[in-house]
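Structure first, then comments.
There are 4 protein chains.
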Amino acid sequence: MGEKSLQKRKYILETARKVFMEKGYKNVTMKDIVDACEISRGGLYLYFGSTAEIFMEVLRMESLETDDVFSDNISKDATAADILMLFLKEQKKELLRKNGNLTVATYEFFFSEEIPKKENILRRQFDSAVKIMEKLIDAGVQSGELYCGNSRVTARNIMFVLEGLKISAQTIGVTPETVDEELAYILQGLGIEE
Amino acid sequence: MGEKSLQKRKYILETARKVFMEKGYKNVTMKDIVDACEISRGGLYLYFGSTAEIFMEVLRMESLETDDVFSDNISKDATAADILMLFLKEQKKELLRKNGNLTVATYEFFFSEEIPKKENILRRQFDSAVKIMEKLIDAGVQSGELYCGNSRVTARNIMFVLEGLKISAQTIGVTPETVDEELAYILQGLGIEE
Amino acid sequence: MGEKSLQKRKYILETARKVFMEKGYKNVTMKDIVDACEISRGGLYLYFGSTAEIFMEVLRMESLETDDVFSDNISKDATAADILMLFLKEQKKELLRKNGNLTVATYEFFFSEEIPKKENILRRQFDSAVKIMEKLIDAGVQSGELYCGNSRVTARNIMFVLEGLKISAQTIGVTPETVDEELAYILQGLGIEE
Amino acid sequence: MGEKSLQKRKYILETARKVFMEKGYKNVTMKDIVDACEISRGGLYLYFGSTAEIFMEVLRMESLETDDVFSDNISKDATAADILMLFLKEQKKELLRKNGNLTVATYEFFFSEEIPKKENILRRQFDSAVKIMEKLIDAGVQSGELYCGNSRVTARNIMFVLEGLKISAQTIGVTPETVDEELAYILQGLGIEE
DNA sequence: CATGAATGAGAGTTCATTCAT
DNA sequence: GATGAATGAACTCTCATTCAT
């Protein structure tokens, strides 16, 4: 695939991403993407064979960017507690975002396709986030900023709460206040008062 | 609709429930249910007009049973901590259930249909569980069994962790050990050691 | 079929008539009639085998009543011109009737079923009307009330104009003024000034 | 849609036209047209979304051709009476055509779809025909070829007779002789003897 | 007589996927 | 590479008609 094709490929993925944000995963047809991209039916098939393939690529793109964002926060010289709070704030913004995120599409994708539970992109993201957070907590404990009995379990706990908030935001709705309370509760568990 | 029809209606719902457990929500067509029930195309339409309608009824059935289960636990004379632990164990069993549960179908349903976030069955269940757990915690605090700063926020926290575990079990997988650790972490936060 | 059955039969026909007036012929299903009559599906089939059968009966009923109406006008002692004008006025009222008549249903019926053109109820009505009008005109000519070269052709002409008005009222619409003008034109052709 | 598609579109319309001539409007399904055209189910939907859409297009095509026919007659240098007689003869041929015309389908279409009475293609054709005939009569009166008291009402009268003959031909049947008599009657009313 | 649940044929419609150009 | 017309499988939904009760 030449230079030009790579650009078109990227264009398709970015356009498809918007479609997935808007309509989720299962409701999106190849035609939807064709229409949004304003290319021909056959043209799309030159690059991707199915919506599943497209979505997986969109997710991979997403994943790269997300990792970057996390790294950015870490790279700045800030205390462990600061980084944690920043991360949680970021998550809050994300899960309350009104005009669409990929949450629904991602869950739908993992529901409807036969994705191995052991080795998948979501799992990698989750595990990676847990690991980073674990280290962060360890560092915070070391520096005396915060208190924690078992950093791994605590890190996982935080991640599960965030997952719970994310899915709840899409099904039963959560108010910003509830999110704030829950995040404060987590920090408080670590001995951090805002 | 006579007595007999009611039985058939129930039969369809129970059969459909199995189909939803197996295939989720979006992948299920009226034909799937017709085939599973071994009735005619038109026959199904006598009772239900769409998979959405069927699924909502399945959910309602489910909801009634779940409430009962909870009440049962409460009705026995046991300490607050006991009841809490029982509830969490129940949830653990549910979310680790191998041969299918309605989790995926339920989330898919709430994703794909236009369900109001403010007033829906999932929300009612969530709020009701929070309220009961809050009272439970209050009772436990009163009796000195457990410690808790803010029973409402804590109750919600527990529910969000459970939601997080539930969705994670379906997407990235969770081991029984992880669930145990997380539940222990929660109980520990309440001052309960198993 | 006993007395009771005859009554039910008549009830069905009268109810069906209303349905046909409202929805035409082709859009009416056995279910529509069942619903309107508030009887059971099987019950209707005890009396009639199809909407075609029902509509034919409705038409027969209608036909009897229409003939009566015509006879009524004739029985009164009035001049030929009077009777003619009365008849035309009646037709005007009928074809301008807002809330439904059987015109559309009747035409639809004759279009969609394989009705012999030579011997059918519509034909009988038409021919009968022509004959009566012919006699009427002859009587008028004799009495010097009106002038006419060929009473049969004239009678048919009047009937065709009426048919034309009837169908036009249902497709392109006709105003009362247009009807008045056309009827006046007919009468004027017979030497009658209103 | 390219050149080729336009040809196919036209092919579909012409084929559908035959189907409508044979079976009327309400009895024609998308499948009937698909079969007649020997194309795929989906293929037809690329061009038209419903039988209603197709029929409207057929009618539009028809309308263009009919207008042409009329113009042709007018363009030749002939007396008003000649043109009138030519037009009536054309109408006679049309309404007696054995192997199907679109009359039934057209009426059925206007019965079953919600067509506005004020502004529809049939109405336009009718009004246009009335207007042309009115002018024709006026010209004939001017040149002394024929006599007429009120050209507009007379023109409408002729059109209504034609409509009456058209509908009657499809329901109760009319013989060529009857048509001839009626047309002669009309001409005679204008002072034209054949 | 009367009921109404049940059947199954058939219409409408959408979409992934292919393929000649 | 790119196009978009074409295909056909699959799904939704409706209704005439039957039949056990």
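Chains A, B, C and D supply the protein sequences, listed in that same order.
Numbering-wise (our numbering), the first sequence opens with residue 54 and increments by one.
Numbering-wise (our numbering), the second sequence opens with residue 54 and increments by one.
Numbering-wise (our numbering), the third sequence opens with residue 54 and increments by one.
Numbering-wise (our numbering), the fourth sequence opens with residue 54 and increments by one.
Glycine included, every Cβ here is placed at the ideal spot set by N, Cα and C.
(1) Between C/S204 and chain D, is there a C-beta pair that is closer than 8 Å?
(2) Looking at C-beta atoms only, is the number of pairs between the stretch 65-79 of chain B and the stretch 223-239 of chain A that lie closer than 8 Å three or more?
(3) Is there a Cβ of chain B sitting closer than 8 Å to that of A/S196, yes or no?
(4) Helix, strand or coil for D/L243 per DSSP?
(5) Is A/L175 near A/T159, with beta carbons less than 8 Å apart?
(6) Give the secondary structure of C/S93 by DSSP, where H, G and I count as helix, E and B as strand, and everything else as coil.
(7) What span of residues does the alpha helix (DSSP H) with C/I168 cover, start to end?
(8) Mind the definition here: the stretch 217-229 of chain B touches the stretch 197-216 of chain A only if three or more C-beta pairs lie below 8 Å; say whether that holds.
(9) Whole angstroms is fine: what's the gap from B/A105's alpha carbon to B/E166's?
(10) Can you round the beta-carbon distance between D/K212 and D/V194 to whole angstroms, since I take them to be within the 8 Å contact cut?
(11) According to DSSP, is D/V111 helix, strand or coil?
(12) Measure the alpha-carbon distance for B/D135 versus A/E75 and round it to whole angstroms.
(13) Using a Cβ cut-off of 8 Å (strictly closer), state whether D/N80 contacts chain C.
(14) Quick one: list the residues of chain C neighbouring D/K171, beta-carbon separation under 8 Å, in chain order.
(15) If you compare alpha carbons, which of D/E172, D/I107, D/L189, D/K61 is closest to D/V81?
(16) Put B/V72 into one of helix, strand or coil per three-state DSSP.
(17) Taking its Cβ as the centre, do 16 or more other Cβ atoms sit within 10 Å of C/Q144, making it buried, or is it exposed?
(18) At a CB distance below 7 Å, what residues from the stretch 136-163 of chain C approach chain D? Give them in sequence order.
(19) Less than 8 Å between the C-beta atoms of D/I270 and D/T207, yes or no?
(20) Quick check on DSSP: helix, strand or coil for C/F163?
(21) Throw me the rounded Cβ distance for the C/K253 and D/G226 pair, which I believe falls under 8 Å.
(22) What does a CB cutoff of less than 8 Å around D/L149 pick up in its chain, not counting 5 residues either side in sequence?
(23) Looking only at C-alpha atoms, which of D/L137, D/C90, D/R94 sits nearest to D/K71?
(24) Output needed for C/K84: all residues of its chain with C-beta closer than 7 Å, excluding positions within five of it in sequence on either side, in chain order.
(25) Is it buried or exposed, A/N210, if we count other Cβ atoms within 10 angstroms and call 16 or more buried?
(26) Any idea if A/L117 is buried or exposed, counting beta-carbon neighbours within 10 angstroms, 16 or more meaning buried?
(27) How would you write the range of the alpha helix (DSSP H) that D/S204 sits in, first residue to last?
(28) Can you round the beta-carbon distance between A/S196 and A/A131 to whole angstroms, since I take them to be within the 8 Å contact cut?
(29) Please list, in chain order, the chain A residues whose beta carbon lies closer than 8 Å to that of B/T231.
(30) Give the interface partners of D/S221 over in chain C, defined as CB-CB distance under 8 Å, in chain order.
(31) What is the C-beta distance between D/T224 and C/F163, in whole angstroms, given that I count them as a contact (C-beta under 8 Å)?
(32) I need the boundaries of the alpha helix (DSSP H) containing B/D130, first residue and last residue.
(33) If you follow the alpha helix (DSSP H) that A/S196 is part of, which residue opens it and which one closes it?
So, from the listed chains and residues:
(1) Numbered from its first residue, the third sequence carries residue 204 of chain C at position 151. No, C/S204 lies away from the interface with chain D (no Cβ there is under 8 Å from its Cβ).
(2) Remark: fewer than three beta-carbon pairs, one from each stretch, lie closer than 8 Å, so the stretch 65-79 of chain B and the stretch 223-239 of chain A are not flagged as touching.
(3) The residue labelled residue 196 of chain A in the question sits at position 143 within the first sequence. At a cut-off of 8 Å between beta carbons, A/S196 makes no contact with chain B.
(4) Against the fourth sequence, residue 243 of chain D aligns to sequence position 190. The answer is coil: DSSP assigns D/L243 none of H, G, I, E or B.
(5) Along the first sequence, one-based indexing puts residue 175 of chain A at 122. Along the first sequence, one-based indexing puts residue 159 of chain A at 106. In this structure, A/T159 lies closer than 8 Å to A/L175 by Cβ.
(6) Residue numbering aside, residue 93 of chain C sits at position 40 when the third sequence is read from its first letter. Look at C/S93 here: in three-state DSSP terms it is coil, with no helix or strand label.
(7) The sequence position of residue 168 of chain C within the third sequence is 115, counting from 1. C/I168: not part of any alpha helix (DSSP H); DSSP gives it neither H nor E.
(8) Contact holds: three or more Cβ-Cβ distances are below 8 Å.
(9) Here the question's residue 105 of chain B lines up with position 52 in the second sequence. Here the question's residue 166 of chain B lines up with position 113 in the second sequence. Their backbone Cα atoms lie some 8 Å apart in a straight line.
(10) Residue numbering aside, residue 212 of chain D sits at position 159 when the fourth sequence is read from its first letter. Residue numbering aside, residue 194 of chain D sits at position 141 when the fourth sequence is read from its first letter. It should be pointed out that residue 212 of chain D corresponds to Met in this sequence rather than to Lys. No, D/M212 and D/V194 are not in contact; Cβ-Cβ is about 18 Å, not under 8 Å.
(11) Here residue 111 of chain D corresponds to residue number 58 of the fourth sequence, with the count starting at 1. In this structure, DSSP gives D/V111 a helical state, which the three-state scheme calls helix.
(12) Sequence index remark: in the second sequence, residue 135 of chain B carries index 82 (1-based). Sequence index remark: in the first sequence, residue 75 of chain A carries index 22 (1-based). CA-CA distance, B/D135 to A/E75, rounds to 45 Å.
(13) Translated into positions along the fourth sequence, residue 80 of chain D becomes position 27. At least one CB of chain C lies nearer than 8 Å to the CB of D/N80.
(14) Here residue 171 of chain D refers to the residue found at position 118 of the fourth sequence. When 8 Å is used as the limit between beta carbons, D/K171 is near these residues of chain C: G226, in chain order.
(15) The residue labelled residue 81 of chain D in the question sits at position 28 within the fourth sequence. D/V81 has its Cα closest to that of D/I107, out of D/E172, D/I107, D/L189, D/K61.
(16) Here residue 72 of chain B corresponds to residue number 19 of the second sequence, with the count starting at 1. Reduced to three states, the DSSP call for B/V72 is helix.
(17) Residue numbering aside, residue 144 of chain C sits at position 91 when the third sequence is read from its first letter. The Cβ neighbour count for C/Q144, taken over all protein chains shown within 10 Å, is at least 16; the residue is labelled buried.
(18) Answer in chain order: V157, Y160, E161, F163.
(19) No answer is possible for residue 270 of chain D: it lies beyond the span of chain D, which begins at 54 and ends at 247.
(20) Translated into the one-based positions of the third sequence, residue 163 of chain C becomes position 110. Here C/F163 sits in helix by DSSP.
(21) Nothing can be reported for residue 253 of chain C: it is not among the residues displayed for chain C, which extend from 54 to 247.
(22) Here the question's residue 149 of chain D lines up with position 96 in the fourth sequence. A222, V227, P229, V232.
(23) The sequence position of residue 71 of chain D within the fourth sequence is 18, counting from 1. The shortest C-alpha separation from D/K71 is found at D/C90.
(24) Locating residue 84 of chain C in the third sequence gives position 31, counting from the first residue. Here the set comprises nothing.
(25) In the first sequence, the residue the question calls residue 210 of chain A occupies position 157. Buried, by the Cβ-count rule.
(26) As a working note, residue 117 of chain A is residue 64 in the first sequence. So A/L117 counts as exposed.
(27) Within the fourth sequence, numbered from 1, the residue matching residue 204 of chain D stands at position 151. Note, D/S204: alpha helix (DSSP H), 204-224.
(28) Numbered from its first residue, the first sequence carries residue 196 of chain A at position 143. Numbered from its first residue, the first sequence carries residue 131 of chain A at position 78. So it is not a contact: roughly 12 Å between Cβ atoms.
(29) Start at 1 with the first residue of the second sequence, and residue 231 of chain B comes out as number 178. Result: R209.
(30) Position 168 of the fourth sequence, counting from 1, holds the residue named residue 221 of chain D. Within chain C, the C-beta atoms nearer than 8 Å to that of D/S221 come from F179, F213, E216, in chain order.
(31) Taking the fourth sequence and counting its residues from 1, the one referred to as residue 224 of chain D is at position 171. Taking the third sequence and counting its residues from 1, the one referred to as residue 163 of chain C is at position 110. Sure, about 4 Å apart at Cβ, within 8 Å.
(32) The residue you call residue 130 of chain B lines up with position 77 of the second sequence. For B/D130, there is no enclosing alpha helix (DSSP H), as DSSP marks it with neither H nor E.
(33) Looking up residue 196 of chain A in the first sequence gives position 143. Per DSSP, A/S196 belongs to the alpha helix (DSSP H) from 174-196.
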